[in-house]
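**Student:** Position one of the sequence shown corresponds to residue 2 (this note's numbering), numbered consecutively onward. For reference, the structure I am asking about is given below.
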Amino acid sequence: MPFPQKLLADHERIVFDLKPHWVALIPMVLWTFFLVALWVVGYRVAGNQLDDPNLAQNVIAVACLLGIFFLTGVPFMRWSTTHFVLTTDRLITRSGVIAKSSREIPLERINDVAFNQSALERMLGAGDLLVESAGERGQSRITNVRRPEEVQLMIYKETEENNNRMMGGGRPQVAAQPEGVTDQLEALGRLKEQGVLSETEFESKKQELLKRL
Numbered sequence: 002m003p004f005p006q007k008l009l010a011d012h013e014r015i016v017f018d019l020k021p022h023w024v025a026l027i028p029m030v031l032w033t034f035f036l037v038a039l040w041v042v043g044y045r046v047a048g049n050q051l052d053d054p055n056l057a058q059n060v061i062a063v064a065c066l067l068g069i070f071f072l073t074g075v076p077f078m079r080w081s082t083t084h085f086v087l088t089t090d091r092l093i094t095r096s097g098v099i100a101k102s103s104r105e106i107p108l109e110r111i112n113d114v115a116f117n118q119s120a121l122e123r124m125l126g127a128g129d130l131l132v133e134s135a136g137e138r139g140q141s142r143i144t145n146v147r148r149p150e151e152v153q154l155m156i157y158k159e160t161e162e163n164n165n166r167m168m169g170g171g172r173p174q175v176a177a178q179p180e181g182v183t184d185q186l187e188a189l190g191r192l193k194e195q196g197v198l199s200e201t202e203f204e205s206k207k208q209e210l211l212k213r214l
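Right, here's the structure in full:
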């Protein structure tokens, strides 16, 4: 489910809306295999060792199902409802199924954006973003970001445009410089080629950028 448009201000537009990288699902998959294997082994051992194995087998089944729910089901729901959103005004992280949590950083408060990647994460196209901002919290870490180097560039570009708008005397957007739009279009194209953005999302963002010229 995409980030709700109703949560945007009248002048605000979404630059990208990303889910965490699929690498975050690996622990859930491993837990699932482990618990299923434990279920099968426990079921067979109980059947071979006990005269009346039904109770033990039922206990093992319930324990494994609860483990699958809490160790894989709940994290998957959290993953599927997590959004990492860049708008023309804010950087937003939002997650939660029933209870929601959200954090927003106004672009004008962002001082620096860095990223960390291990060798494996670099091969998979994942990494963590470190966002330095003015305020009490200082540094924010956003984990399992898809193509963090490309995302870092887009945040810098949008922050620069936001600062230019503010120095221009208000929130209404002024015409963007062709060079800046071209750079963002190239970044969007790379994100689409790498599977971060769908064709529909790419076309939508491209049209938004072209309207700024």
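Ideal placement from N, C-alpha and C gives every residue a C-beta, glycine not left out. Keep in mind that this is a model prediction, so the values were computed, not measured.
What residue ranges within the stretch 39 to 122 form continuous alpha helix (DSSP H) runs of no fewer than 4 residues, ordered along the chain?
**Tutor:** Those alpha helix (DSSP H) runs which fall completely within the stretch 39 to 122 and span 4+ residues are 55 to 69, 75 to 81.
**Student:** Specify, as a first and last residue, the run of the alpha helix (DSSP H) that Glu151 falls within.
**Tutor:** 149 to 168
**Student:** Return the CA-CA distance between Leu19 and Gln208, expressed in angstroms with no decimal places.
**Tutor:** 18 Å
**Student:** Run the CB neighbour count on Phe71, radius 10 Å, all protein chains shown included, and call it buried at 16 or more, exposed below.
**Tutor:** exposed
**Student:** Are Arg148 and Gly126 closer than 8 Å when you measure CB to CB?
**Tutor:** yes
**Student:** Round the Cβ separation of Ala115 and Leu154 to the nearest angstrom and send it over; I've been treating them as touching at under 8 Å.
**Tutor:** Actually they are not in contact, since the Cβ atoms of Ala115 and Leu154 sit about 12 Å apart, beyond 8 Å.
**Student:** Buried or exposed for Asp52, please, with buried defined as at least 16 other CB atoms from any protein chain shown within 10 angstroms of its CB.
**Tutor:** exposed
**Student:** Name the two residues that bound the continuous beta strand (DSSP E) containing Val132.
**Tutor:** 127 to 134
**Student:** Taking contact to mean 3 or more Cβ pairs, one atom from each stretch, closer than 8 Å, check whether the stretch 129 to 137 and the stretch 157 to 169 are in contact.
**Tutor:** no
**Student:** Have a look at Met78 and Met29 and give me their C-alpha separation to the nearest angstrom.
**Tutor:** 11 Å
**Student:** Return the residue from the list Leu121, Ile106, Met124, Thr82 that minimises the CA-CA distance to Leu131.
**Tutor:** Ile106
**Student:** If you reduce the DSSP assignment to three classes, tell me which class Ser141 lands in.
**Tutor:** strand
**Student:** Where does Asp184 sit, in a helix, a strand or coil, going by DSSP?
**Tutor:** In the structure shown, Asp184 sits in a helix (DSSP, three-state: H, G or I).
**Student:** Helix, strand or coil, according to DSSP, for Leu19 in the structure here?
**Tutor:** strand
**Student:** To the nearest angstrom, how far is it from the Cα of Leu67 to the Cα of Met168?
**Tutor:** If I take the Cα positions, the gap works out to 55 Å.
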